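To start, the structure under review is shown below, and the notes come after it.
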Amino acid sequence: MDIEYRWRDTVTDPELVELTRAHGGNTEPGWWDRIRPHSLGWVSARTGQGRLVGFVNVAWDGGDHAFLLDTKTHPEHQRQGIGTALCGHAARGAHRAGCEWLHVDFRPELAPFYFDSCGFTSTSAGLIDLTQFRV
Ligand SMILES: CC(C)(COP(=O)(O)OP(=O)(O)OC[C@H]1O[C@@H](n2cnc3c(N)ncnc32)[C@H](O)[C@@H]1OP(=O)(O)O)[C@@H](O)C(=O)NCCC(=O)NCCS
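By numbering that gives the first Met the number 0, the letter at position 89 of the sequence shown is numbered 88, and the numbering carries on one by one without gaps.
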């Protein structure tokens, strides 16, 4: 199937809610409208009929670091190279915007996807679970 990839395509909040829920993910209506103004960019993957079947968001620090978030391919279209293509387009979009580094973190089982297919290398990173904080 022909898939069209676009950087900073118009993607609506309901489209992203539907895509997220299609693979059992949690989302709240309004999420995308709220965060979009803070993104460096995003990549959409659409069928010839215009259906959104893939998405990745690219956050950044306003300088040379970009961060991949929310990579998703619709379950009916997974394992066809769409996720890999989304990450490639995101990397090129971040590079064109002047970034020098693209970061991602992920569950261990996705290592073959991000390392072997998308070309990320391993690095040290840190994390704090902020839900443990008492206000
Ligand atoms: C992860 C995800 C984006 C991959 O999208 P995709 O379009 O299926 O990926 P690709 O077809 O480009 O996969 C290329 C290769 O990556 C690896 N890969 C893909 N999905 C994988 C998975 N779930 N687990 C382990 N390896 C995976 C495989 O080696 C695959 O090659 P193969 O199909 O020849 O075996 C998709 O499974 C998804 O949307 N998952 C739900 C949301 C999610 O967890 N997102 C990640 C947030 S960090």
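Just so you know, even glycine gets a beta-carbon here, dropped at the ideal spot from N, CA and C.
Only a predicted model underlies this, so the values are computations on that prediction, with no experimental measurement involved.
Contact between valine 52 and threonine 72 holds: their C-beta atoms lie close to 7 Å from each other, under 8 Å. In the three-state scheme derived from DSSP, where H, G and I count as helix and E and B as strand, histidine 73 is classed as coil. In the same chain as tyrosine 113, and ignoring 5 residues on each side of it, the C-beta atoms closer than 8 Å to its own belong to Cys86, Val103, Phe105 and Phe119, in chain order.
Taking C-beta separations shorter than 7 Å and ignoring five residues to either side along the sequence, the partners of asparagine 56 in its chain run Ser38, Trp41, Leu68 and Asp69, following chain order.
Boundaries of the beta strand (DSSP E) harbouring glycine 40: 40 to 46, taken from the DSSP string.
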